[in-house]
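> First, the structure itself, so that you have it in front of you.
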């Protein structure tokens, strides 16, 4: 009898462990703007940027400290899976490890950042000090 109870519990645990879970929402979306056309944005509609300094550095993260306060990185939560592609967005997504150990979302090999003074749907800093909005 104990063996039957143990086996039943083991099977139940296995079923729960392998049950499909709801897919996490995509970390980004396509945002239509008058000035720039379609751009990449966070789910809260804040436009996303890349920094040409990092592009020239082969993708190595250079925006840390006060830079990261003004340009918050789009950090991927620990354990979250990032799909390589998202429907309706041409290009590949990935992650890069930041110097503090967190994972940051990349698009087309470039680390993604928001701008602290932007508002949802508003692009304020395209082509400013090497920062460019991600156009789609």
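Numbering (the working numbering), first residue to last: 536 to 671.
All residues carry an ideal CB built from backbone N, CA and C; glycine is no exception.
Remember, predicted model here, so these are calculated numbers, not experimental data.
1) Output needed for residue 570: all residues of its chain with C-beta closer than 7 Å, excluding positions within five of it in sequence on either side, in chain order.
2) Evaluate contact between the segment 593–600 and the segment 611–622, counting only Cβ atoms and requiring at least three cross-stretch pairs below 8 Å.
3) Below 7 Å between beta carbons: does that hold for residue 565 and residue 624?
4) Mapping the DSSP letters down to three states, classify residue 587 as helix, strand or coil.
5) Would you decide whether residue 655 is buried or exposed? Buried here means 16 or more other CB atoms lie within 10 Å of its CB.
6) Just to confirm, is the Cβ distance from residue 651 to residue 584 under 7 Å?
7) Does the beta-carbon distance from residue 609 to residue 647 come in below 7 Å?
8) Tell me the DSSP secondary structure of residue 604 in three-state form.
Reading from the atomic positions:
1) 658
2) no
3) In this structure, residue 624 lies closer than 7 Å to residue 565 by Cβ.
4) When DSSP states are grouped into helix, strand and coil, residue 587 belongs to the helix group.
5) Counting every other CB atom within 10 Å of its CB across the protein chains shown gives residue 655 a total below 16, marking it as exposed.
6) no
7) yes
8) helix
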